[in-house]
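Enquirer:
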Amino acid sequence: MRARCFATFPGDDKPALDIDHATGLELKELQALAEGKDFFDHYAFLKAPNGTKEAPVVVTSSMPYRIVGATDPDDDSIVHWGRVEAGKPPIKIGEEWFVHKAE
């Protein structure tokens, strides 16, 4: 039986890091971890402030309108739906205010 081995370049003593070989979502996850963030934190929207009449939530879309849902503050199982249209003033859906911004 023969022994097999792989040669390395001279002076290449350090092992390759995971981030050197990562692509796609794995690369984004490792880059976020290097910055101290969690790429898969899907609850970041809960930390966002609620929309008020003075500072509404800006909803972007390439369409002339967008359907938006806001949960009821007393019962999360109830969702209030509304249509936010481009060029119109902010509207109140549930307990939050929304405005449409075309991209």
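Using the numbering used here, you'd call the opening residue of the sequence shown number 2 and step up by one each time.
Built from N, CA and C at the ideal position, the CB exists for glycine as well.
Computed from a predicted model, the values in this text were never measured in an experiment.
1. Whose CA, out of E86, K102, W98, lies closest to the CA of I53?
2. Quick check on the burial criterion: 16 or more other C-beta atoms within 10 angstroms. Buried or exposed for A71?
3. Report the residue ranges of all beta strand (DSSP E) runs contained in full by the stretch 34-99; include only those spanning at least 3 residues, in chain order.
4. Do the stretch 35-44 and the stretch 58-78 touch if we need at least three Cβ pairs shorter than 8 Å?
5. Between V60 and H101, how many whole angstroms is the CB-CB distance? I'm expecting something under 8 Å.
Expert: Reading it off the structure:
1. Start at 1 with the first residue of the sequence shown, and residue 53 comes out as number 52. Residue identity check: residue 53 is Thr in the sequence provided, not Ile. When each option's Cα is compared against that of T53, the closest is W98.
2. As a first step, residue 71 is located in the sequence shown; it is residue number 70 there, counting from the start. Per the 10 Å Cβ criterion, buried.
3. 58-62, 66-72, 80-86, 92-94
4. no
5. Locating residue 60 in the sequence shown gives position 59, counting from the first residue. Locating residue 101 in the sequence shown gives position 100, counting from the first residue. Going by Cβ atoms, the distance from V60 to H101 rounds to 5 Å, so yes, they are a contact pair.
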